[in-house]
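A.B. asks: Pasting a structure here, questions to come.
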Amino acid sequence: MQKENEIQSVTLSVIGDGKRKRYEDLTFLDDFMFGKIMSDKENCREFLRILLKIDPETEIADPVTQNSFRNSPDSKSIIVDVRTHDKFNDYDIEAQKQNHPNLPKRTRYYQAMMDVDFLEAGHDYLELKNNFIIFICLDDLFGADRPVYTFQNRCNEDNTISLNDGTHKIFLVASKCDKIKSNRELRDFMEYVKTGKAESTYTQRIDEIVRKAHENPLWKREYMDAMIEEIRVEKARNEGSRNTALQNARNLLAMNLGTIEQIARATGLSVEEVKSLSQK
Numbered sequence: 202m203q204k205e206n207e208i209q210s211v212t213l214s215v216i217g218d219g220k221r222k223r224y225e226d227l228t229f230l231d232d233f234m235f236g237k238i239m240s241d242k243e244n245c246r247e248f249l250r251i252l253l254k255i256d257p258e259t260e261i262a263d264p265v266t267q268n269s270f271r272n273s274p275d276s277k278s279i280i281v282d283v284r285t286h287d288k289f290n291d292y293d294i295e296a297q298k299q300n301h302p303n304l305p306k307r308t309r310y311y312q313a314m315m316d317v318d319f320l321e322a323g324h325d326y327l328e329l330k331n332n333f334i335i336f337i338c339l340d341d342l343f344g345a346d347r348p349v350y351t352f353q354n355r356c357n358e359d360n361t362i363s364l365n366d367g368t369h370k371i372f373l374v375a376s377k378c379d380k381i382k383s384n385r386e387l388r389d390f391m392e393y394v395k396t397g398k399a400e401s402t403y404t405q406r407i408d409e410i411v412r413k414a415h416e417n418p419l420w421k422r423e424y425m426d427a428m429i430e431e432i433r434v435e436k437a438r439n440e441g442s443r444n445t446a447l448q449n450a451r452n453l454l455a456m457n458l459g460t461i462e463q464i465a466r467a468t469g470l471s472v473e474e475v476k477s478l479s480q481k
C-alpha cells in the first residue's frame with residue numbers, strides 16, 4: 202500500500218528539460234518515451250535511413266537506451282539516450298529539449314568515451330568505426346538559421362582536405378524544419394518533433410506508439426518507479442551536501458577561522474544556522 206501511495210504521489214518527473222511532468226503528458230522527445238520508441242530496432246534504423254541515407258536493409262545492433270558507462274573509476278560517466286552500431290558505424294542519438302552551451306564539448310567527450318570503449322575490447326586504431334553523435338534539438342544552438350549542422354574535422358588551410366578520422370557530429374534543429382528542402386522525410390520528422398503534427402508514415406507510426414504508450418500501465422509503472430528512484434537519489438544527494446556543509450561549518454568554527462557571516466558564505470548555510478552551531 203505504501204508503494205502504491207508513493208507511486209500515486211509522484212505525478213512529475215525529471216525529463217530532458219529538467220522539469221517534471223505527468224506520464225500522460227510525455228511526448229516523443231522526453232527521455233523515457235524517446236528511449237522506448239528508439240529501442241525498437243526498426244524505428245531506430247528508419248531514423249538513420251532518413252537522416253544518413255543508410256541502406257534500409259542494414260543490420261544494426263539492438264539499440265541500448267539510457268546506458269551509463271565510464272572508462273575508469275575516476276573518469277566522468279556518461280548516459281547515452283540511444284546507442285547502436287552496424288558493421289562500419291557507431292551511432293549515438295540524443296534527444297535534447299533545451300540547448301546548453303556545453304553541448305559541443307559533450308559531443309567531444311561522448312565520441313572519446315565511445316572510442317575508448319571500443320578500443321578496450323582489444324581493437325587497433327585502424328579498426329575504429331565511423332562515429333556519429335546526433336543531437337535532436339528544438340532550437341538553434343549556433344544561431345546561423347540552419348536546420349542541420351554537420352561537423353567533421355577538416356584542414357583550416359584547405360577545407361577540401363578532410364582528416365578522414367570517421368567522426369561526425371550532427372545537430373538537428375526542429376524549429377528550422379521548414380528550411381529543409383532536399384529531404385522531405387527529414388523535414389516531416391523534424392516538423393513532428395517541433396509541433397507533434399504527424400504527416401509521414403514514419404511519424405504517424407511514432408505518434409501511434411506515443412498514444413498507446415499513454416494507456417500502457419506497465420510502462421507507466423516503470424516510469425513511476427524510475428521517477429521515485431530519481432527523487433530518492435536527489436534527496437540523498439541534497440542531504441549529503443547539507444551534512445557536508447554543516448560539518449565544514451563546525452570545523453571552521455572549532456578552528457576559529459572566520460566570522461559567522463564569513464563561514465555562512467563559505468558553506469552556503471544561513472547566518473542563523475551557523476550561529477546555532479556556534480552555540481552548541
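For the sequence shown, the residue numbers in the numbering used here are 202 to 481. All C-beta atoms in this analysis are idealised placements derived from N, C-alpha and C, irrespective of residue type, glycine included.
1. Answer with buried or exposed for A414, where buried requires no fewer than 16 other C-beta atoms within 10 angstroms of its C-beta.
2. Go ahead and pull the three-state DSSP assignment for Q448.
3. Hey, how far is the Cα of F372 from the Cα of Y311?
4. So P264 and V283 are in contact, right, with Cβ under 8 Å, and what is the actual spacing, rounded?
5. Just how far apart, CA to CA, sit F352 and Q405?
6. The alpha helix (DSSP H) spanning E474 covers which residue range?
7. Apart from the five residues just before and just after P418, which ones in its own chain have a Cβ nearer than 6 Å to its Cβ?
8. Just the Cα atoms here: how many angstroms apart are L447 and I432?
9. Pull up the DSSP beta-bridge partners for E295, would you.
10. For H324 and I337, I'd like the C-alpha separation in whole angstroms.
11. Between D241, R355 and S479, which has its C-alpha nearest N365's C-alpha?
12. Taking 7 Å as the cut-off, is the beta-carbon of Y403 closer than that to any non-hydrogen atom of the ligand MG?
13. Does the distance from the C-beta atom of A322 to that of H286 stay below 8 Å?
14. Closer than 6 Å by C-beta to T259: which residues in its own chain qualify, once you throw out the five before and the five after it? Chain order, please.
15. Return helix, strand or coil for K370, following the three-state DSSP convention.
16. Using DSSP with H/G/I as helix, E/B as strand and the rest coil, what is D346?
17. Could you give the distance in angstroms between the alpha-carbon of R246 and the alpha-carbon of A427?
18. For N290 versus F248, is the C-beta distance shorter than 8 Å?
19. So what's N331 in DSSP terms, helix, strand or just coil?
C.D. replies: Quick look at the numbers:
1. Numbered from its first residue, the sequence shown carries residue 414 at position 213. That one is buried.
2. Working through the sequence shown from its first residue, we reach residue 448 at position 247. Of the three classes helix, strand and coil, the one that applies to Q448 here is helix, per DSSP.
3. Position 171 of the sequence shown holds residue 372. Position 110 of the sequence shown holds residue 311. The straight-line gap from Cα to Cα measures roughly 14 Å.
4. On the sequence shown, residue 264 is found 63 positions in, with the first residue counted as 1. On the sequence shown, residue 283 is found 82 positions in, with the first residue counted as 1. Right, the Cβ-Cβ distance comes to about 5 Å (below 8 Å), so this counts as a contact.
5. Taking the first residue of the sequence shown as 1, we reach residue 352 at position 151. Taking the first residue of the sequence shown as 1, we reach residue 405 at position 204. Cα atoms of F352 and Q405: separation of roughly 30 Å, rounded to the nearest angstrom.
6. Looking up residue 474 in the sequence shown gives position 273. Segment V472 to S479, the alpha helix (DSSP H) holding E474.
7. As a first step, residue 418 is located in the sequence shown; it is residue number 217 there, counting from the start. Excluding sequence neighbours, P418 sits near nothing in its chain.
8. Locating residue 447 in the sequence shown gives position 246, where the first residue counts as 1. Locating residue 432 in the sequence shown gives position 231, where the first residue counts as 1. Roughly 22 Å between the two C-alpha positions.
9. Stepping through the sequence shown from its first residue, residue 295 is reached at position 94. The partner list for E295 (beta bridge, DSSP) reads F336.
10. The sequence position of residue 324 within the sequence shown is 123, counting from 1. The sequence position of residue 337 within the sequence shown is 136, counting from 1. Roughly 30 Å between the two C-alpha positions.
11. Taking the first residue of the sequence shown as position 1, residue 365 is located at position 164. Residue R355 is the option with its Cα nearest to N365.
12. Absent from the structure shown: the ligand MG. Ligands present: none.
13. Numbered from its first residue, the sequence shown carries residue 322 at position 121. Numbered from its first residue, the sequence shown carries residue 286 at position 85. Contact: no.
14. The count along the sequence shown starts at 1 and reaches residue 259 at position 58. Contacts found: D287.
15. Translated into positions along the sequence shown, residue 370 becomes position 169. Three-state DSSP puts K370 in a strand.
16. In the sequence shown, residue 346 corresponds to position 145, counting from 1. Coil at D346, not helix or strand.
17. One-based indexing of the sequence shown puts residue 246 at position 45. One-based indexing of the sequence shown puts residue 427 at position 226. If I take the Cα positions, the gap works out to 27 Å.
18. The residue labelled residue 290 in the question sits at position 89 within the sequence shown. The residue labelled residue 248 in the question sits at position 47 within the sequence shown. No; because the gap between Cβ atoms is not below 8 Å, this pair is not in contact.
19. What you label residue 331 is simply residue 130 of the sequence shown in a count that begins at 1. In this structure, N331 counts as strand in the three-state DSSP scheme.
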